[in-house]
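Comments concern the structure below.
Residue numbers (our numbering), protein chains in the order written: chain A, 8 to 288; chain B, 179 to 532.
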C-alpha cells in the first residue's frame with residue numbers, strides 16, 4: 008500500500024495547495040482589515056493580524072463608513088440582504104411557476120414559450136441593459152428596491168433547472184395525485200414542492216450570491232447613496248488617489264461583504280446535503 | 179360500490195384508433211380482469227375509466243353518472259399503479275390518508291380508516307416509515323391500502339403485481355382475491371398474466387389490438403374461446419392450432435392423416451384447435467394421429483412433449499404424465515377427442531360452430 012499512500016499524500020498536497028491559493032486573497036483582506044492605513048500603505052503588508060482590529064471594526068460600525076460613503080454600513084448590509092433575498096426568492100417563484108406550467112400543462116404555444124425562455128439564456132444582462140433601464144425609468148422605479156430587484160428575477164437558468172427536475176417526476180405520481188383528488192395547486196404544494204426542496208436550496212444559494220454580488224445594474228439604477236448596495240459602496244469608497252483611500256475601512260467593508268454569502272452557503276449546504284440523503288424518487 | 183358501464187368506448191390518438199369500441203356492463207361487486215398482450219390497449223381502457231385518458235367516443239358510466247368529462251377525483255374511483263406511485267416524501271400513514279385529507283374527512287374518520295386498512299394489509303408496523311424503507315411487497319400493499327381507505331365506487335388496478343417476484347406475486351394474488359371477497363368492491367384489473375386473469379376474474383375481457391375478443395367467465399374463455407387469438411392466448415402451454423380440412427364427419431390433418439370426429443362435422447378449410455392437455459395418448463393406432471416427438475420437458479407432476487405430426491412440419495404440443503418414459507424420436511398415437519376440438523374460421527379467426 009506504499010504507492011497508495013504516496014498517491015494520497017500527493018493528492019492532499021495538491022488539494023491543500025489549491026485551497027491555499029484560493030483562500031489567500033480572502034485571508035489577506037482579513038489581515039488588512041486589522042491594520043492601520045499607514046501599515047497597509049507601507050509595503051510589505053504583514054502576514055499576521057495586526058493590533059487595529061477592534062478600532063477598525065468599531066469605526067466602521069460607528070459611522071466611519073457613513074462618513075466616506077454617506078450611508079451607514081448597517082444600511083448597506085440591509086439593502087444588499089433585501090435585494091439578494093428578493094432576487095433569489097423572486098427567481099425561485101418565477102422559474103418554478105414557469106417550469107410547472109411548461110412541464111405539467113398542455114397549452115397552445117407551450118414549446119414556443121419554452122424556447123422563448125431558453126433564448127433569453129443567450130442574452131446577457133448587459134445586452135438588454137438599455138431597454139431595461141428605459142422601462143425602469145418609465146415605471147418610475149429608479150432608486151427603489153423594485154427597480155433593483157424586478158429586472159433581475161427572470162431566470163432562464165433556474166427555469167431550465169426546474170424543468171429538468173420536474174421532468175424526472177414519474178407521470179404516475181401526478182396521476183396518483185389526480186386520482187386522490189389533488190388539483191394542480193395541491194399537487195404543487197403537497198407533492199412537487201417537498202420533492203423540489205433540495206433543488207430550491209441549491210438554486211437559492213446560487214441566486215442569493217448572484218444577487219449579493221450584482222454590480223452593474225445597481226450602479227445604473229440607483230442615484231441616492233441611501234439605496235447603495237455594499238458592493239457599490241465599496242467601489243465609491245475607493246478614491247483615485249491611493250493615499251486618500253481609507254484602506255482599513257475598505258477592507259473591513261470587504262470582510263462584511265463576504266460574510267453573509269459565506270453564511271448562506273454554509274447554512275444551506277448542511278441543509279441540502281441532508282435533503283440529498285433523505286429524498287428519493 | 180357501483181356498477182360500471184362502457185358503451186362503445188373508443189380512443190384515437192391523432193386520428194389513429196387504438197380502442198375499437200368496447201361495450202361491457204360490469205355488475206356491482208364484480209371482479210373483471212382485462213387481459214391481453216402488451217400494447218393491446220388494456221391499460222388505455224382502464225385509464226379511460228379512471229379519467230386519466232380522454233374518451234374519444236362512447237360513454238363510461240360509473241354508478242348512475244356518465245363520467246366522460248369528469249376529472250378523476252370526481253369519478254369516485256381509486257387506482258393502484260404498476261410502479262405503486264407512492265409519494266416518496268410521505269410516510270405510509272400520510273400516503274394512505276392523503277386522498278381522505280383532500281376530501282376533508284374528519285381527522286378521526288381518517289385515522290380509523292387508515293388503521294383498518296393497515297390491519298387488513300398487515301401494515302401496522304410500517305405506518306411511520308417512508309416508502310423507500312419498505313420492500314416491494316410492502317410498497318404494493320401500501321398502494322392497495324391507499325386505494326382501500328378511499329372506499330370508492332370502483333377499484334382500478336393496473337398490473338399491480340408485475341413488479342414483484344414470482345413467489346410474492348402468488349401471495350399477493352391470493353390476498354387481492356381475499357380482499358375482494360371481504361369488501362365486495364367493484365374491481366377492474368389489468369394484467370398480461372393469464373394465471374392472474376384466470377384465478378382472479380369473475381369475468382375476463384380478452385383484448386387484442388384494441389378489440390375485445392371475448393368477454394366471458396374464465397371457464398367460458400378456456401373451454402370455448404371466441405376467436406383464434408383468445409384460444410392462443412389463454413392456456414399454457416398454448417393451444418395447438420393448425421390448418422385442417424373438414425369433410426362430412428371426418429377431418430383431414432397436415433401430413434394426410436384423417437380422423438373421424440362424428441358426431442361433429444365441419445366442411446371446408448378450418449383452423450383446428452386442440453389443447454395440449456386434451457390430447458389422449460393411445461398405445462395402439464386407431465383413429466389416431468402419429469406424432470413424432472422432438473423433445474420432452476419434464477416438470478415433475480407433468481411433462482410436455484413437443485413434436486410434429488408425422489409427414490408434416492406442423493408442430494404439436496402434448497401434455498404427458500409425469501411418469502412418462504417418452505423421449506425424443508418416439509412415435510406416439512394421439513387421439514383427438516371430438517368434443518374437445520375447437521374450429522376457427524381461417525378468414526376472420528372466429529369460432530365456427532360444429
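We treat Cβ as the ideally placed atom computed from N, Cα and C, and that holds for glycine.
{"Check": "For the putative contact between residue 245 of chain A and residue 236 of chain A, defined by C-beta atoms under 8 Å, what is the C-beta separation to the nearest angstrom?", "Outcome": "Rounded, the Cβ-Cβ distance is 15 Å, inconsistent with contact."}
{"Check": "Counting C-beta neighbours from all protein chains within 10 Å, is the total for residue 339 of chain B 16 or more, i.e. buried, or is it exposed?", "Outcome": "buried"}
{"Check": "Just mark residue 182 of chain B as buried or exposed, buried being the case when its beta carbon has 16 or more other beta carbons within 10 Å.", "Outcome": "buried"}
{"Check": "Along chain A, which residues have their Cβ under 9 Å away from the Cβ of residue 333 of chain B?", "Outcome": "Correct list: empty, because the minimum Cβ distance to chain A is about 11 Å."}
{"Check": "For residue 255 of chain B, which residues in chain A fall below 8 Å Cβ to Cβ?", "Outcome": "186"}
{"Check": "Give me whichever residues DSSP pairs with residue 220 of chain B in a beta bridge.", "Outcome": "Beta-bridge pairing links residue 220 of chain B to no other residue."}
{"Check": "Return helix, strand or coil for residue 255 of chain A, following the three-state DSSP convention.", "Outcome": "helix"}
{"Check": "By the three-class DSSP mapping on this structure, what secondary structure does residue 501 of chain B have?", "Outcome": "coil"}
{"Check": "By the 7 Å beta-carbon criterion, what residues does the segment 260–276 of chain B contribute toward chain A?", "Outcome": "261, 263, 265, 266, 267 and 276"}
{"Check": "Under 9 Å Cβ-Cβ, which residues of chain B neighbour residue 189 of chain A?", "Outcome": "251, 276, 277 and 280"}
{"Check": "Which residue comes first and which comes last in the beta strand (DSSP E) that contains residue 191 of chain B?", "Outcome": "182–191"}
{"Check": "Buried or exposed: where does residue 203 of chain B fall if 16 or more other Cβ atoms within 10 Å of its Cβ makes it buried?", "Outcome": "exposed"}
{"Check": "Within 7 Å (strictly less), CB to CB, does residue 230 of chain B reach chain A?", "Outcome": "yes"}
{"Check": "For residue 19 of chain A, which of helix, strand or coil comes out of DSSP?", "Outcome": "helix"}
{"Check": "Counting along the chain, where does the alpha helix (DSSP H) carrying residue 306 of chain B start and finish?", "Outcome": "Where residue 306 of chain B is concerned, there is no enclosing alpha helix (DSSP H), given that its DSSP letter is neither H nor E."}
{"Check": "Around the Cβ of residue 148 of chain B, are there at least 16 other Cβ atoms within 10 angstroms (buried) or fewer (exposed)?", "Outcome": "Within the shown structure, residues of chain B are numbered from 179 to 532, placing residue 148 of chain B beyond reach of any answer."}
{"Check": "Against chain A, with Cβ distances strictly below 7 Å, would residue 190 of chain B count as a contact?", "Outcome": "no"}
{"Check": "Within the continuous alpha helix (DSSP H) that includes residue 64 of chain A, where are the two ends?", "Outcome": "60–66"}
{"Check": "Check this for me: beta carbons of residue 504 of chain B and residue 457 of chain B, under 7 Å apart or not?", "Outcome": "no"}
{"Check": "Excluding the 5 residues flanking residue 371 of chain B on each side, which residues of the same chain have their C-beta closer than 6 Å to its C-beta?", "Outcome": "none"}
{"Check": "Compare the C-beta of residue 183 of chain A against all C-beta atoms of chain B and say whether one is closer than 7 Å.", "Outcome": "yes"}
{"Check": "Should residue 177 of chain A go down as buried or exposed, given a rule of 16 or more other Cβ atoms within 10 Å for buried?", "Outcome": "exposed"}
{"Check": "Start and end of the beta strand (DSSP E) containing residue 418 of chain B?", "Outcome": "418–425"}
{"Check": "Take residue 128 of chain A as the anchor and find which of A:63, A:137, A:168 and A:209 has the nearest alpha-carbon.", "Outcome": "A:168"}
{"Check": "Decide yes or no for the touch test of the segment 224–231 of chain A against the segment 144–155 of chain A: beta carbon pairs closer than 8 Å, at least 3 of them.", "Outcome": "yes"}
{"Check": "Consider the Cβ of residue 202 of chain A: report whether some Cβ of chain B lies at a distance smaller than 7 Å.", "Outcome": "yes"}
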